[in-house]
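A quick write-up on the structure given underneath.
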Amino acid sequence: MPELPEVETTRQDLHQLILGQGIVAVDCSGKAMRLPWPADMAARLVGRRLVNTGRRAKYLLLYTDDDQVLAIHLGMSGRMVLSQLAEEEVAPHSHLRLTLANGMVVSLQDPRRFGSVSLMPVAELASWPPLSKLGVEPFSADFTADYLAQRLAGRVTAIKIALLDQQLVAGIGNIYASEALHLACIAPQLAAGQLTLPQLRALVPAIQQVLTAAIASGGSSLRDHIRPLGQLGGFQNHFRVYDRMNQPCPNHAAAQNCSSLIKKLVQTGRATFYCPSCQALP
Ligand SMILES: [Zn+2]
């Protein structure tokens, strides 16, 4: 499933190539997605120009010159594809296609159709229900150890599970929760309310560091993530613990001199990877 780095990479890849471009055609498969298709979408978009891109949590945002915003969620298996109209073969799972004045086509391909496309005035974006309940962005100034301490106080949920809660912090999924907890040397099973302030002070920059590195690598390509121009992300080659069961802890050569092997644990149905030494329970 695309997480924050994969959506952010997609946004960055699209940004320069679509900015300022007029929309000359809009085609929609009409097939049911996670949310209903916007009414009159083609009429509202054709003739408009794309003036900016953005991201909130795992939503890709495309802004038009008349203050509308397209909010696209990639769901479990979605990807944005940028191709030349002249060379394009319409993919069977292409659900939205924006043909641009420069001859490029931006399309949303989503075989499992857990993604969604919404269109609204920019002024309504912040109060739009899928976004209004989301927690802080991990790169925002509001994401601090004190914020986490306040929100996690008394919670018995394991910290790994708590980090997946989009109402706590937006955009972190299964891969980056495991990676950040290893970097911060925090046991994934530890009750969220039991993390100490020093642990929370380590966790915040660990999350930011892992996400920054993932974005710099173009995201993680495990099953579905392919960038708009067809390249794969590369962060899967830099995983500390994720998908590395029984391999040496990356701290084996570091100051910690760890000799443990990575273990796998299942928490509420999702795989967690961790080092039992570096991330020992207190
Ligand atoms: Zn270790």
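Adding 165 to a residue's 1-based position in the sequence shown gives its number in the numbering used here.
Ideal Cβ positions, reconstructed from N, Cα and C, are used throughout, including at glycine.
All of these numbers come straight from a predicted model, not from anything done at the bench.
Is any heavy atom of ligand 1 found at a distance shorter than 7 Å from the C-beta of residue 422? As a position in the sequence shown, residue 422 is number 257, starting the count at 1. No, since every heavy atom of ligand 1 falls outside the 7 Å radius drawn around the Cβ of residue 422.
Under 8 Å Cβ to Cβ from residue 319, same chain only, skipping five residues before and after it: list those, please. Start at 1 with the first residue of the sequence shown, and residue 319 comes out as number 154. Taking residue 319 as the centre and dropping the five residues before and after it, the same chain places the C-beta of 358 closer than 8 Å to its C-beta, in chain order.
State yes or no: is the C-beta of residue 364 within less than 8 Å of the C-beta of residue 222? Within the sequence shown, the letter at position 199 stands for residue 364. Within the sequence shown, the letter at position 57 stands for residue 222. No, the Cβ-Cβ distance between residue 364 and residue 222 is not below 8 Å.
N-terminal and C-terminal residue of the alpha helix (DSSP H) that residue 312 is part of: Numbered from 1 along the sequence shown, position 147 holds the residue referred to as residue 312. For residue 312, the enclosing alpha helix (DSSP H) covers residues 310 to 317.
Residue from 447, 381, 338, 414 with nearest C-alpha to residue 166: Counting from one through the sequence shown, the residue named residue 166 turns up at place 1. That would be 338, whose Cα lies nearest to the Cα of residue 166.
Helix, strand or coil, according to DSSP, for residue 422 in the structure here? Here residue 422 corresponds to residue number 257 of the sequence shown, with the count starting at 1. Correct three-state label for residue 422: coil.
Residue 215 and residue 227 - do their beta-carbons sit closer together than 8 Å? Translated into the one-based positions of the sequence shown, residue 227 becomes position 62. Translated into the one-based positions of the sequence shown, residue 215 becomes position 50. Yes, Cβ-Cβ distance for residue 227 and residue 215 is below 8 Å.
Rounded to whole angstroms, what's the CA-CA distance from residue 444 to residue 354? Just pull it up for me. The count along the sequence shown starts at 1 and reaches residue 444 at position 279. The count along the sequence shown starts at 1 and reaches residue 354 at position 189. Their backbone Cα atoms lie some 9 Å apart in a straight line.
For residue 178, report the span of its alpha helix (DSSP H) as first-last. If you number the sequence shown from 1, residue 178 lands on position 13. From DSSP, the alpha helix (DSSP H) with residue 178 extends over 169 to 183.
With which residues is residue 224 paired in a DSSP beta bridge? If you number the sequence shown from 1, residue 224 lands on position 59. Paired residues: 221, 238.
If you measure from the CB of residue 448, is any heavy atom of ligand 1 nearer than 7 Å? Outside the displayed span of the chain (166 to 447) sits residue 448, for which this structure offers no information.
Cβ-heavy atom distance, residue 416 to ligand 1, below 7 Å: Numbered from 1 along the sequence shown, position 251 holds the residue referred to as residue 416. Within the cutoff, so yes.
State the beta-bridge partners of residue 305 as determined by DSSP. For the purposes of this step, residue 305 is taken as the residue at position 140 of the sequence shown. DSSP output for residue 305 lists no bridge partner at all.
Which same chain residues, not among the five before or five after residue 199, have their C-beta less than 8 Å away from its C-beta? Along the sequence shown, read from residue 1 onward, the residue named residue 199 stands at position 34. 238, 240, 278, 279, 280, 281, listed in sequence order.
Cβ contact (3+ pairs, closer than 8 Å) linking the region 298 to 307 and the region 413 to 427: Segments in contact, no.
How is residue 385 classed by DSSP in three states: helix, strand or coil? Walking along the sequence shown from the start, residue 385 turns up at place 220. It is coil, neither helix nor strand.
Where the alpha helix (DSSP H) through residue 147 begins and ends: Since the displayed the chain opens at 166 and closes at 447, residue 147 lies outside it and no answer follows.
Label residue 186 either buried or exposed according to how many other C-beta atoms from any shown protein chain fall within 10 Å of its C-beta, with 16 as the threshold for buried. Walking along the sequence shown from the start, residue 186 turns up at place 21. By the neighbour-count rule (16 or more Cβ atoms within 10 Å), residue 186 is buried.
Just confirm the distance between the C-beta atoms of residue 245 and residue 211, as a whole number of angstroms; I'd bet it's less than 8 Å. Here residue 245 refers to the residue found at position 80 when the sequence shown is read from its first residue. Here residue 211 refers to the residue found at position 46 when the sequence shown is read from its first residue. Wrong, their Cβ atoms sit about 19 Å apart, outside the cutoff.
Mind the definition here: the region 338 to 347 touches the region 394 to 411 only if three or more C-beta pairs lie below 8 Å; say whether that holds. Verdict: yes, contact present.
Starting from residue 208, trace the alpha helix (DSSP H) in both directions and tell me its first and last residue. Walking along the sequence shown from the start, residue 208 turns up at place 43. Segment 206 to 210, the alpha helix (DSSP H) holding residue 208.
Checking the sheet assignment: what are the DSSP bridge partners for residue 436? By one-based count along the sequence shown, residue 436 stands at place 271. Bridge partners of residue 436: 431.
Which listed residue (291, 436, 406) has its alpha carbon closest to that of residue 425: If you number the sequence shown from 1, residue 425 lands on position 260. Residue 406 is the option with its Cα nearest to residue 425.
DSSP state of residue 331, grouped into three classes? The residue given as residue 331 occupies position 166 in the sequence shown. Coil.
When burial is assigned at 16 or more other CB atoms within 10 Å of the CB, is residue 170 buried or exposed? The residue you call residue 170 lines up with position 5 of the sequence shown. Only buried fits residue 170, as 16 or more other CB atoms lie within 10 angstroms of its CB.
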